[in-house]
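Undergrad:
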Amino acid sequence: MSEERGIERLKPTIVAPPEGHSGSGFFATRMDQAVGLARKNSLWPLPFATSCCGIEFMSVMSSHYDLSRFGMERLSFSPRQSDLLMVMGTIAKKMAPVLRTVYMQMAEPKWVLSMGACACTGGIFDTYSVLQGIDRVIPVDVYIPGCPPRPEQIIDGILKIQDLAANESLRRRYSKEYQDLMTKYAID
Ligand code: SF4
279 MSEERGIERL KPTIVAPPEG HSGSGFFATR MDQAVGLARK NSLWPLPFAT SCCGIEFMSV
339 MSSHYDLSRF GMERLSFSPR QSDLLMVMGT IAKKMAPVLR TVYMQMAEPK WVLSMGACAC
399 TGGIFDTYSV LQGIDRVIPV DVYIPGCPPR PEQIIDGILK IQDLAANESL RRRYSKEYQD
459 LMTKYAID
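See the structure below:
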């Protein structure tokens with residue numbers, strides 16, 4: 279890596295402000311945009327990693343890809359303190375109720391990222407014991423294909439989740455569309 283490129287990588291990331299009006303000593307914006315900005319840049323992921331995709335995620339967390347650039351270096355293994363459920367790896371049917379419980383224990387608002395062929399569709403494990411996609415038991419916001427996905431794909435998926443978090447209406451969770459989705463999954 280050239281010295282110039284190395285210095286470029288060390289520059290702190292400046293988060294762009296939302297649309298608004300600014301003047302001498304003030305900046306005004308909409309409440310939902312300010313909340314969206316905060317949510318977007320402070321996601322706390324819960325890594326539900328069961329196999330090789332989890333190892334790939336570890337490389338994304340480490341220094342080369344450095345997920346902390348996106349304000350999410352703090353992994354949470356407590357569902358009640360997380361807002362992004364990352365499912366990575368093969369989910370056996372026996373594990374599905376556990377995954378559902380973890381999802382239900384997370385407070386709103388929450389998002390789900392399904393990483394890799396196994397979590398999205400069961401992957402190559404088209405067998406009696408493997409869940410053929412986690413969206414059979416919980417709703418999914420973003421799917422990342424691949425076996426395993428490359429770190430760049432994982433980062434792309436996380437950026438898509440950040441877009442959802444930044445632009446989601448504060449009222450979406452009370453909407454009929456969302457309630458219908460929860461009813462479809464038999465989640466109160
Ligand atoms: S998608 Fe591939 S790399 Fe990921 S858990 Fe399944 S078999 Fe492993």
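Residue numbering for the sequence shown follows this note's numbering, beginning at 279 and increasing consecutively.
Ideal Cβ positions, reconstructed from N, Cα and C, are used throughout, including at glycine.
With DSSP as the reference, identify every bridge partner of Tyr421, one or two as the case may be.
TA: Counted from its first residue, the sequence shown places residue 421 at position 143. The partner list for Tyr421 (beta bridge, DSSP) reads Ser392.
Undergrad: Beta-carbon separation of Thr379 and Ser329 under 7 Å?
TA: Taking the sequence shown and counting its residues from 1, the one referred to as residue 379 is at position 101. Taking the sequence shown and counting its residues from 1, the one referred to as residue 329 is at position 51. No, the Cβ-Cβ distance between Thr379 and Ser329 is not below 7 Å.
Undergrad: Give me the pocket residues for the ligand SF4, defined as CB within less than 5 Å of any heavy atom, sorted by chain position.
TA: Taken from the N-terminal end onward, the list reads Ser329, Cys330, Cys331, Gly367, Gly394, Ala395, Cys396, Gly401, Cys425, Pro426.
Undergrad: On the DSSP letters alone, give me the boundaries of the beta strand (DSSP E) that Ser300 sits inside.
TA: Residue 300 sits at position 22 when you count from the first residue of the sequence shown. Unbroken beta strand (DSSP E) run through Ser300: 298 to 301.
Undergrad: Helix or strand or just coil, what does DSSP make of Pro427?
TA: For the purposes of this step, residue 427 is taken as residue 149 along the sequence shown, with counting starting at 1. Three-state result, Pro427: coil.
Undergrad: What do you reckon, are the CB atoms on Leu362 and Pro323 nearer than 7 Å?
TA: Mapped onto the sequence shown, residue 362 falls at position 84. Mapped onto the sequence shown, residue 323 falls at position 45. Yes, the Cβ-Cβ distance between Leu362 and Pro323 is below 7 Å.
Undergrad: What does the Cβ neighbour count give for Val293, buried or exposed, with the cut at 16 atoms within 10 Å?
TA: For the purposes of this step, residue 293 is identified with residue 15 of the sequence shown, where counting begins at 1. Exposed.
Undergrad: In terms of alpha-carbon separation, which member of Lys372, Glu297, Ser337, Leu437 lies closest to Val390?
TA: Mapped onto the sequence shown, residue 390 falls at position 112. Minimum Cα distance to Val390 is reached at Leu437.
Undergrad: Only counting the same chain, and skipping five residues up and downstream in sequence, which positions put a Cβ closer than 8 Å to that of Pro427?
TA: Translated into the one-based positions of the sequence shown, residue 427 becomes position 149. If we look at Pro427 and ignore the five residues flanking it on each side, its Cβ neighbours are Cys331, Glu334, Met393, Gly394, Gly435.
Undergrad: Can you say whether Phe305 is buried or exposed, counting buried as having 16 or more other CB atoms within 10 angstroms of its CB?
TA: For the purposes of this step, residue 305 is taken as residue 27 along the sequence shown, with counting starting at 1. Looking at its Cβ environment, which holds fewer than 16 other Cβ atoms inside 10 Å, Phe305 is exposed.
Undergrad: When the Cα atoms are used, what is the spatial distance from Met460 to Ile432?
TA: For this step, residue 460 is matched to residue 182 along the sequence shown. For this step, residue 432 is matched to residue 154 along the sequence shown. Answer to the nearest angstrom: the Cα atoms are 26 Å apart.
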